[in-house]
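**Q** The structure that follows is given in the form of structure tokens.
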Amino acid sequence: MQSGIKSMSLGDILESLFKLAGKTVLRNLIVIVILILPASLIFIYGIDTFFNSIANLVEHKDEYGGMTGETITSLISMIVLYGFSIFIFTIGTVLATLAVTIISANQFAGNQISWQEGFRQTFSMKFWRMLGVSIIESFAVVGVFVIPIIIFISLVSTENSFAIFFAVIILLAAIAAVIYIAIRWSFVFPALAYEDTGVIDSLKRSWNLVTGYWWRTFGILILLHIIVSFAVSIITTPLSFVVMWDIFAELFSKMDFNTYEEPNPKEVFTLFSSMGLRIGIISAISSILSLLITPLISVVMYFDLRAKNNEFADDQTPEEPSEPDNSIDLF
């Protein structure tokens, strides 16, 4: 199979991104819903229970007689349940990201696979490698931040102007280091999903691809993520108003704007208790919409960087990816 993937300009990247989204939207949507929906239901239940419990605890704090052993146990149980729901939702998001990346990377390379095949590959060693990569990246970020933050807190507490200035410099340097590493590792998932590389090799692969193109990669990634975030917000912002409208309407109806008297706290807590369910629904829908396009950014940029590193020269072996088909194939 002859390779025809070439390095792209910003306009080419945008065009390729939207074409790829059109070709994979239905297959990606299917795997996203399958993987995210169960996790979303658990997350919605967890956040709804969390909001209800907090509202109930604050509203009836006098009846409970302060922070008794029973209320502390209830609070811990609620936090554990909420944390567990976030963990499950995160795992579902990682799985969906991997599935979308597998389908989209193969599509871009001219090797169209079904959503069933993408789903099958997701539950292979690729998932465990992706989980390992995510853990390493998390520890790397924490490791870069921990020492500077400790130094920052120590120096700020001295109330010395020079020490505070030095602390701010250290903190900014840590932030810059995290951003630098994040960009160098932006293409770990495509490398893992498409090339089936191991955990360490995926990190090295992404790091090497960005060599010499860091600023270009940084600028394009920021721009594309802003565009995608804006596009998603066009849908989710009106949806948020619709979902939360009755709560806002009820809250404003209880406010006396003539006397500026605040509403009854118990009534506010009652409204607060119903916000968890709505926030959970909005978050789930926002995640589904974002997953349809966000992983594709890394896929397109991954192939662009490979082309810039002359990996798709004319003398490539037949196993190398072919030029993407411009037709719109939904299935």
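For the sequence shown, the working numbering begins at 2 and goes up steadily by one.
Quick reminder that beta carbons are idealized off the backbone N, C-alpha and C, glycines included.
Quantities reported herein were computed from a predicted structural model and do not represent experimental measurements.
1) For the segment 293-303 against the segment 15-26, are there 3 or more C-beta pairs whose distance is under 8 angstroms?
2) Under a three-way DSSP split, which group does I31 fall into?
3) Taking three-plus beta-carbon pairs below 8 angstroms as touching, is the segment 173-189 in contact with the segment 81-97?
4) In chain order, which beta strand (DSSP E) runs of at least 3 residues are fully inside the segment 158-246?
5) On a CA-only basis, which of F51, V143, V229 and T237 is nearest I283? Give me that one, please.
6) Can you tell me where the alpha helix (DSSP H) holding Q113 begins and where it ends?
7) Between the beta-carbon of G336 and the beta-carbon of P39, is there less than 9 angstroms?
8) Could you compute how far the alpha carbon of E312 sits from the alpha carbon of I136?
9) Output the distance between the C-alpha atoms of F44 and V189, rounded to the nearest integer angstrom.
10) How many Å lie between G12 and V229 at the Cα?
11) Between which residues of its own chain and N327 is the CB-CB distance below 8 angstroms, once the five residues before and five after are set aside?
12) Say whether chain B places a C-beta atom closer than 9 angstroms to the C-beta of N57.
13) Under 9 angstroms between the Cβ atoms of S41 and S288?
14) For the alpha helix (DSSP H) holding K7, just list the boundary residues, first then last.
15) Can you tell me whether N53 is helix, strand or coil according to DSSP?
16) Using beta-carbon positions only, say whether G47 and G281 come within less than 9 angstroms of one another.
17) I need the boundaries of the alpha helix (DSSP H) containing L297, first residue and last residue.
18) Counting Cβ pairs closer than 8 angstroms, one from the segment 213-224 and one from the segment 181-198, do we hit at least three?
19) If you pair each beta-carbon of the segment 289-297 with each one of the segment 95-112, do three or more pairs fall below 8 angstroms?
20) Can you list, in chain order, the residues of its chain whose CB lies under 8 angstroms from that of I14, leaving out five sequence neighbours each side?
21) Cβ atoms of A194 and M126: under 9 angstroms apart, would you say?
22) Looking at V34: is its Cβ nearer than 9 angstroms to the Cβ of G133?
23) The alpha helix (DSSP H) spanning S287 covers which residue range?
24) Less than 9 angstroms between the beta carbons of A308 and M9, yes or no?
25) Is it right to say D316 is buried, meaning 16 or more other beta carbons lie within 10 angstroms of its own, or is it exposed?
**A** This is what the structure gives:
1) yes
2) helix
3) no
4) none
5) T237
6) That residue, Q113, is in no alpha helix (DSSP H); it is neither H nor E in DSSP.
7) No information on residue 336 is available, as it lies outside the stretch 2 to 332 that the chain covers here.
8) 29 angstroms
9) 27 angstroms
10) 15 angstroms
11) Only weak support exists for where N327 lies, its pLDDT of 39 falling under 50; the value from the coordinates is given anyway. Answer for N327: K20, listed in chain order.
12) Note that chain B does not occur in the displayed structure, where there is just one protein chain.
13) yes
14) It is not in any alpha helix (DSSP H) - K7 carries neither H nor E in the DSSP assignment.
15) helix
16) yes
17) T295 to K309
18) yes
19) yes
20) I221, L225, V301, M302 and D305
21) no
22) no
23) M276 to L292
24) yes
25) Per-residue confidence for D316 stands at a pLDDT of 45, beneath the threshold of 50, marking its modelled position as unreliable; the derived number appears in the next sentence. So D316 counts as exposed.
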